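Per mature numbering (1 follows the signal peptide of the UniProt record, and there is no 0): the sequence shown = residues -22 to -1, 1 to 581.
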Amino acid sequence: MRRLHKNLFLIFFTLVWANALAQGPELQLAQQYSANGELTKAYELYQKLFKQDNDAYYPFFINNLITLKKLDEAESITKKMLRRHPGEVDYVLKLGSVYTHQGKGEDAAKLYDELIKNLAPDVAVIANLGMQFYQNGNIEYAIKTFKQGRKAVNDETAFAHELITLYGQKRDKGALTDEYLNFLPRNPGYVKQAQHTLAGLYEGNDDYDALKSALFKKIQKDPQQTIYVDLIIWQFLQQKDYDQALTQAIALNRRTNGDGSRVFELCRSLNNNSAYNAAIRGYEYLLSKGRNDPFYISAKIELINTKNLKVTTGKYAEADLYSLEKDYNELLSEFGKTRSTAFAMQKLATLQGFKLNKLNSAQKLLEEAIAIPGISAQILAACKLDLGDMCLLNNRPWDATLLYSQVEKGFTNTEMEEEAKLRNAKLAYFTGDFAWAKGQLGVLKAATSKLIANDALNLQLLITDNTTADTTGEALKMYARADLQIFAEQPQKAIKILDSIDKMFPGNTLADDILMARARLHIGSKDYNNAVMALKKIAEFHSNDLWADDAVFMLGDIYDNYLPDKAQAQAYYQKIITDYPGSLWINEARKRFRILRGDTPGA
């Protein structure tokens, strides 16, 4: 590829140099005529100049003749030049171009085939001929030149950059795949480029299956070549066959007695793709190698983090919660409660407080973390915010607001300050102090974090919408108590309160808010069908209300990732783009819509 660009530059420089030498008043006038479309006037001058100096003015004259379709004359003067310069490649190629314009494709092919057949074993000459075919738009003969050139120089890896470029432009998936598999063993540094190029060219599982078949054949012939296994792992990732990707990585690590780095990095990718079970298996494999393994500590920490992710974002059983709690406690027993493990103390406290309803244990653990000397400022602030949450859930709002305020004052002009202010505002909302909450939320609408700003705006609108007609806000107070139970991850208590709002306050203005609360509870319990029913009611009957764009995006996300129906997902993402252009979700919706539509990367 670099050689291709180098040759382009050399040819361009040569042409510019020759052109500069030939410049004169008559040539400049002829070129001006050409630029103005006065081709006949240009022809007369070019013909005159050509008679004066064939070699110097041939390039200008021949292009003029072809443009004017004076093809017989073009053929005649080109043959004349060939008689003067037998076998000169430039003239042979130009004669072939004239034949092509005349519709004599077979004659042109004979000329080109003869050139390729008689290639000298000279890399520069071969590269120049291939480049000239490429410049003339003749990709097929450029490919033929480089393939024959390999035979001429007796090197099956020669001109790989050029062929990769040409196969890519031609979108020849099979040839490009074969070329990369031939090229990469000696050039492993290009594997990322190969993956990016192939991903942009492949159109579905059939293409990846063909790659897999080709790779397995290569591995059988050369089992020690690790680059093929790396590509197999990548191929399985592209097809979302995460277990097979991990199996291949572990097998390669065992076969090569590797240090585990491939497996460790793959587990990170698995986590990014929410393939938590596979990632857990990978980390457990690394731990099985013993405490002396270089990735032992990192794998132990990441294993627990992965289990945490599974619990907080994926499907899990109650036993998973206790297993995760046990893992955290074992980690703290093994490494102690120090500033290096404070993050684990925070994660364990969050698990105990929100998932296991062990508020007192969570509070004690966070207090211990806060008391550790030398703990990082970020971890300290995060622990204080979480301790504030535990106090709130333990019905100690004054202690909660004190902790939130400490973080707010200690991290001025940062996102952490904004997060602390938001939690203080939510505390006021949960406890029914709507006026104070609105004041805080009004400031946070200008937060640097878009998520915090959006949360603040939504909560402010919720309060405003539901205290206008009902100035006492009694229905909203009841809804806020349900919201607090949702925050505490007590779904049954939340549903019981939500069910009572309409009975106690008929005609309230919280219909869409209650639907959204129900939808989120259903999503939290992985009940996507009932979530869809609630969200569709918001989208249909409350299309101009607070949660409309959120509901539409959430519908797209559910159909995209949980109830696979790509057509429905695409329709809802499109609805965000067309109906809610000011939504916080607009950029993400646009990105996902393009992926579902099949746009190529960078399009």
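Beta carbons: idealized from backbone N, C-alpha and C, even for Gly.
For clarity, every value in this text was computed on a predicted model and none was experimentally measured.
Separation of residue j from residue i, as counted between CA atoms
i	j	result
alanine 529	alanine 406	26 Å
valine 131	proline 166	23 Å
threonine 442	leucine 476	19 Å
alanine 545	leucine 562	22 Å
phenylalanine 332	tyrosine 206	45 Å
tyrosine 306	glycine 314	11 Å
glutamate 397	lysine 170	38 Å
serine 54	glutamine 110	22 Å
alanine 403	lysine 455	14 Å
tyrosine 77	alanine 102	27 Å
leucine 370	alanine 434	19 Å
glycine 451	threonine 445	5 Å
leucine 329	glutamate 566	30 Å
arginine 459	leucine 343	27 Å
phenylalanine 321	alanine 466	21 Å
arginine 496	proline 542	22 Å
alanine 87	glycine 115	14 Å
alanine 347	glycine 502	29 Å
leucine 27	leucine 60	19 Å
leucine 7	phenylalanine 39	13 Å
phenylalanine 161	alanine 136	9 Å
alanine 340	leucine 365	8 Å
leucine 5	leucine 23	7 Å
glutamine 30	histidine 63	18 Å
alanine 297	glutamine 470	20 Å
phenylalanine 242	alanine 359	30 Å
Cβ neighbour criterion (16 or more within 10 Å) applied to residue i
i	result
alanine 517	buried
histidine 500	buried
leucine 380	exposed
tyrosine 158	buried
glutamine 198	exposed
threonine 155	buried
leucine 429	exposed
residue 625	Nothing about residue 625 can be reported from this structure: the residues present for the chain run from -22 to 581 only.
glutamate 312	exposed
valine 67	exposed
glutamate 118	exposed
residue 648	Any question about residue 648 goes unanswered here, given that the chain covers just -22 to 581.
threonine 449	exposed
residue 585	Missing from the structure shown is residue 585; the chain here goes from -22 to 581 and no further.
serine 75	buried
threonine 284	buried
glutamine 126	buried
glycine 152	exposed
lysine 129	exposed
Pair within 7 Å by beta-carbon distance, residue i and residue j
i	j	result
glycine 268	cysteine 245	no
lysine 288	tyrosine 263	no
residue 626	alanine 120	Since the first residue of the chain shown is -22 and the last is 581, residue 626 is not available in this structure.
leucine 49	glutamine 10	no
alanine 20	asparagine 42	yes
methionine 368	leucine 337	yes
valine 385	leucine 363	yes
leucine 310	leucine 334	no
threonine 123	isoleucine 142	no
arginine 575	tyrosine 551	no
tyrosine 180	glutamine 217	no
proline 272	aspartate 237	yes
threonine 56	leucine 73	yes
Bounding residues of the alpha helix (DSSP H) (the contiguous stretch that carries residue i)
i	result
threonine 445	Counting along the chain, threonine 445 falls outside any alpha helix (DSSP H), and DSSP gives it neither H nor E.
serine 561	It is not in any alpha helix (DSSP H) - serine 561 carries neither H nor E in the DSSP assignment.
asparagine 160	151 to 161
serine 54	49 to 62
threonine 290	274 to 291
threonine 175	169 to 179
leucine 141	138 to 148
glutamine 202	Segment: none, glutamine 202 is in no alpha helix (DSSP H) and carries neither H nor E.
tyrosine 35	32 to 45
alanine 425	Where alanine 425 is concerned, there is no enclosing alpha helix (DSSP H), given that its DSSP letter is neither H nor E.
glutamine 226	220 to 234
serine 239	239 to 250
glutamate 66	Taken as a continuous stretch (DSSP letters only), glutamate 66 belongs to no alpha helix (DSSP H), as it is neither H nor E.
Residue i Cβ short of 6 Å to the ligand ATP heavy atom set
i	result
alanine 87	Among the ligands in the structure shown, none appear at all, so the ligand ATP cannot be discussed.
Check your understanding: Quick one: complete alpha helix (DSSP H) runs, 4+ long, within the segment 460 to 548?
Key -> DSSP runs (the alpha helix (DSSP H)) wholly in the segment 460 to 548: 469 to 482, 489 to 502, 506 to 519 and 526 to 539.
Practice item. Give, in chain order, every unbroken run of the alpha helix (DSSP H) that is at least 4 residues long and sits entirely within the segment 299 to 347. Key: The segment 299 to 347 contains these whole alpha helix (DSSP H) runs: 320 to 328.
**Study point:** Those runs of the alpha helix (DSSP H) which lie wholly inside the segment 371 to 423 and span at least 4 residues
**Key:** As for any alpha helix (DSSP H) of minimum length 4 sitting wholly inside the segment 371 to 423, the runs are 375 to 388, 393 to 408 and 412 to 422, ordered along the chain.
Check your understanding: Taking the runs of the alpha helix (DSSP H) that are 4 residues or longer, which of them lie wholly in the segment 73 to 136?
Key -> Complete alpha helix (DSSP H) runs here, min 4: 83 to 95, 101 to 113 and 117 to 131.
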